[in-house]
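Student:
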Amino acid sequence: MTHFPTQPSPPPLSTWLRAAGLKAPDQLFSAPLSGPVKNDQTPAPPMRLVSPLQPAAQDQVQQSTPAQQPASTSLNLFQNGKPLIGPGTRVLHIGDSHTVGIYGREMDKLMRSTGAQVATYGSAGSSPSWWLQGTTTRSGFYGRGEDGKVDSPADWKTPRQTPKLPDLLKKHQPGVIVISLGANLINVKDGASIEKQVKDLAEVAKASGAKILWVGPPDGRESNKPTSKQAALYAHLQKVAGQYGTFIDSRPLTEYPAKGGDGVHYWGKEGSRTATNWANHVFEQIQASQP
0 MTHFPTQPSP PPLSTWLRAA GLKAPDQLFS APLSGPVKND QTPAPPMRLV
50 SPLQPAAQDQ VQQSTPAQQP ASTSLNLFQN GKPLIGPGTR VLHIGDSHTV
100 GIYGREMDKL MRSTGAQVAT YGSAGSSPSW WLQGTTTRSG FYGRGEDGKV
150 DSPADWKTPR QTPKLPDLLK KHQPGVIVIS LGANLINVKD GASIEKQVKD
200 LAEVAKASGA KILWVGPPDG RESNKPTSKQ AALYAHLQKV AGQYGTFIDS
250 RPLTEYPAKG GDGVHYWGKE GSRTATNWAN HVFEQIQASQ P
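The sequence shown begins at 0 in numbering that gives the first Met the number 0 and counts up by one.
1. In the DSSP assignment, what are the bridge partners of S179?
2. Give the secondary structure of R104 by DSSP, where H, G and I count as helix, E and B as strand, and everything else as coil.
3. State the Cα-Cα distance for the pair H92 and K170, rounded to the nearest angstrom.
4. Between the region 182 to 198 and the region 107 to 117, can you find at least three pairs of beta-carbon atoms closer than 8 Å?
5. Measuring CB to CB, does G121 end up less than 8 Å from S96?
6. Do G262 and L212 have their C-beta atoms within less than 8 Å of each other?
7. With distances taken between CB atoms, is the gap from T157 to S125 smaller than 8 Å?
8. Assign V197 to one of three DSSP states: helix, strand, or coil.
9. Leaving out the 5 sequence neighbours to the left and right, which residues in its chain are closer than 7 Å to P216 when beta-carbon positions are compared?
10. Smallest Cα separation from L168: which of Q289, L131, Q229 and S179?
11. Taking the alpha-carbon positions, what's the S128 to K224 distance?
12. Going by C-alpha distance, which of E202, G144 and P256 is nearest E221?
13. How many whole angstroms separate the CB atoms of V281 and I247, which I take to be in contact at a CB cut-off of 8 Å?
14. What's the C-alpha gap between A209 and V187?
15. Quick check: what's the CA-CA separation for P165 versus Q284?
16. May I ask whether a heavy atom of the ligand SAM can be found less than 7 Å away from the beta carbon of T98?
17. In chain order, what residues of the same chain have a beta carbon less than 8 Å from the beta carbon of G267, not counting five sequence neighbours either side?
18. On the DSSP bridge list, what partners appear for F140?
19. Could you spell out where the beta strand (DSSP E) holding V214 opens and where it closes?
20. Pull up the distance between the alpha-carbon of G94 and that of G142, whole angstroms please.
21. Let's see if you can read the secondary structure: which residues bound the alpha helix (DSSP H) around I285?
22. What's the call for S207, buried or exposed, on a 16-neighbour Cβ count within 10 Å?
23. Considering only residues of the same chain and omitting the five flanking positions on each side of S151, which have a CB-CB separation below 6 Å?
24. Classify G100 as buried or exposed, calling it buried when 16 or more other Cβ atoms lie within 10 Å of its own Cβ.
As structure tokens, then:
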């Protein structure tokens with residue numbers, strides 16, 4: 000997966016908010032990431048993590064080492080009696096190369112099947128900061144608007160600017176935002192830098208008033224994405240992203256094939272099947288989320 004170069008310091012968050020026409024309370028983002036809340040601070044909504052679930056059945060993709068499966072939809076999937084996404088719901092989904100690929104396209108199909116108005120954007124190699132700075136990708140782009148029209152260069156190497164989230168919020172006015180990002184931060188050693196990128200993007204999303212669901216990166220081959228690195232990355236992602244909405248852990252929903260592929264992306268017969276199953280499991284958890 001393409002890793003992004005060091006970027007210059009982005010402009011203040013207020014600049015992005017103004018650009019999107021958002022009017023957030025002055026103290027909306029004054030709460031610290033952890034620790035006690037002072038009288039002059041307004042904390043973000045409490046964290047709701049979607050914890051790894053126990054396997055319901057043998058995974059059909061990897062027979063020898065099955066990935067854990069989410070609970071069956073027959074077991075009262077919609078706890079509040081109504082799925083989160085339905086007819087008329089305005090949904091914005093942004094992500095990295097996994098969203099450009101099979102996972103993102105399957106997610107787009109599933110969300111549209113509910114009658115929702117969906118806009119999907121994937122920028123390969125992207126990290127959270129790219130969606131605020133408009134960093135250019137040279138390794139793949141995918142976009143699909145509410146009208147179903149697809150925007151994807153025939154040559155995947157064609158440079159494309161990553162859309163800025165404030166612009167997307169202004170254009171699509173979503174009620175639900177799905178963020179599938181974090182994979183390209185796995186080699187960032189500075190945890191504070193990871194948390195800042197996540198926080199900056201999540202704050203802009205939250206200021207729109209939309210429901211936020213952050214989907215963590217999938218499993219990868221041990222030689223490419225060591226378990227220890229994935230665990231460290233997830234600790235930072237969950238700590239911050241979970242404060243702004245629902246956080247979904249993709250690791251128990253995926254198992255990278257033992258052979259084939261590049262160890263990171265999902266393609267080929269088994270990889271494609273895994274990516275499709277991943278999207279379906281994520282969609283189920285999104286639909287079961289509280290508004």
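Virtual Cβ for every residue (Gly too), placed ideally from N, Cα, C.
Tutor: The short version:
1. G94
2. helix
3. 13 Å
4. no
5. yes
6. no
7. no
8. helix
9. G181, A182 and S249
10. L131
11. 21 Å
12. P256
13. 6 Å
14. 29 Å
15. 26 Å
16. Absent from the structure shown: the ligand SAM. Ligands present: none.
17. P256, G259 and G260
18. S122
19. K210 to V214
20. 10 Å
21. G267 to Q286
22. buried
23. Y141
24. buried
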